[in-house]
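J.:
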Amino acid sequence: DSGVTQTPKHLITATGQRVTLRCSPRSGDLSVYWYQQSLDQGLQFLIHYYNGEERAKGNILERFSAQQFPDLHSELNLSSLELGDSALYFCASSETLAGDHEQYFGPGTRLTVT
Amino acid sequence: GNSVTQMEGPVTLSEEAFLTINCTYTATGYPSLFWYVQYPGEGLQLLLKATKADDKGSNKGFEATYRKETTSFHLEKGSVQVSDSAVYFCALLNFNKFYFGSGTKLNVKP
């Protein structure tokens, strides 16, 4: 158990809908990272937050947004969902801003868009 | 740009065999390099890392050396076990962004 929790574990929704994925980092970790893992695209870095502020953006679509709250939990919002958004979404947390500090991954949320 | 290329799997080995999983990268500047492992049904776990050229990362019998001249970070283990069966990802971190390889599935047979 990495100490990172993600909810829900599974989510099935229809095209055009909007969903919110939630991540609670390990106690004391200030950084949260979001990743998308799909069969055809592999593992893609989406976005990084540190202590409530966005620090880096990867291959995140404009239909997707994220935020980190004062209690350090983070939410990833996916809107106007398409079939191709079906994937496993991971969040990871680490103590510091420095990306080379170990990241602890959550178990993921599996999103299925039908 | 930045990218990571790793050998396609699956790689199937017998227990106690020698393992090499190749990883090469393209990057500007001075990236940090990582190997992550993903066991079935779980998230990724950091296996080892190297932050500058010629550094060797090692953990649980796995090793990888950051070779700037060949832009490589190959993962090796002298004697694999069945419990090493997993998917292995090579990754680089550059300017606060992570780039992952496509993953290599390793199957170790008893």
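Chains as they are written, first to last, in this note's numbering: chain G, 1 to 114; chain D, 1 to 110.
Ideal Cβ placement from N, Cα and C applies to all residues, glycine included.
1. Could you check if Y39(D) is buried or exposed, using at least 16 other CB atoms within 10 Å of its CB as the buried criterion?
2. Mark G103(D) as exposed unless 16 or more other C-beta atoms lie within 10 angstroms of its C-beta, in which case mark it buried.
3. If you reduce the DSSP assignment to three classes, tell me which class V108(D) lands in.
4. Determine, for F98(D), whether the minimum Cβ-Cβ distance to residues of chain C falls below 8 Å.
5. Just how far apart, CA to CA, sit Y180(G) and W34(G)?
6. Got a sec? Which residues, its chain only, sit under 7 Å from T51(D) by beta carbon, not counting five neighbours each side?
7. Of the residues E8(D), E15(D) and N22(D), which one's Cα is nearest the Cα of S83(D)?
8. Identify each residue in the stretch 38-67 of chain G for which the Cβ-Cβ distance to at least one residue of chain D is less than 7 Å, and report them in chain order.
9. Quick one, are the C-beta atoms of A87(G) and Q17(G) less than 8 Å apart?
10. Give a yes or no on whether the minimum CB-CB distance between L44(D) and chain G is below 8 Å.
11. For chain G, check one thing: does any of its Cβ atoms lie closer than 8 Å to the Cβ of G103(D)?
12. F89(D) touches chain G at which residues, Cβ-Cβ below 9 Å?
13. Leaving out five residues before and five after G108(G) in sequence, what residues of the same chain have Cβ atoms less than 7 Å from its Cβ?
14. Taking H101(G) as part of the beta strand (DSSP E), name the residues at either end of that continuous run.
15. Which stretch, first to last residue, makes up the beta strand (DSSP E) that contains T94(G)?
16. Could you tell me the alpha carbon to alpha carbon distance between H79(G) and E54(G), rounded to whole angstroms?
17. Measuring CB to CB, does T20(G) end up less than 8 Å from N59(G)?
18. So I60(G) is in the beta strand (DSSP E); what residue range does that whole segment cover?
19. Name the residue from D55(D), F73(D), T20(D) and V11(D) whose alpha carbon lies nearest to the alpha carbon of A27(D).
20. Hey, which unbroken runs of the beta strand (DSSP E) at 3 residues or more fall wholly within the stretch 2-62 of chain G?
21. List the DSSP bridge partners of Y39(D).
22. Strictly under 8 Å for the Cβ-Cβ distance: is P8(G) near chain D by that measure?
23. Under the rule that 16 or more other beta-carbon atoms within 10 Å means buried, what is S24(G), buried or exposed?
T.: In brief:
1. exposed
2. buried
3. strand
4. In summary, chain C is missing from the structure at hand, where the protein chains are G and D.
5. Outside the shown range of chain G (1 to 114) lies residue 180(G), about which nothing can therefore be said.
6. S32
7. E15(D)
8. G42, L43, F45, H48, R55, A56 and G58
9. no
10. yes
11. yes
12. G42 and L43
13. Q6, L88, Y89 and F90
14. Element bounds for H101(G): n/a, residue is neither H nor E.
15. As written in the sequence, residue 94(G) is Ser, which differs from the Thr given in the question. Start and end: A87 to S94.
16. Note on identity: in this sequence residue 79(G) is Ser, with His being the wrong assignment. Straight-line Cα distance between these residues: approximately 19 Å.
17. no
18. Unbroken run through I60(G): none, as it is neither H nor E.
19. F73(D)
20. 5-7, 10-13, 19-24, 31-38, 42-50 and 53-57
21. DSSP output for Y39(D) lists no bridge partner at all.
22. no
23. buried
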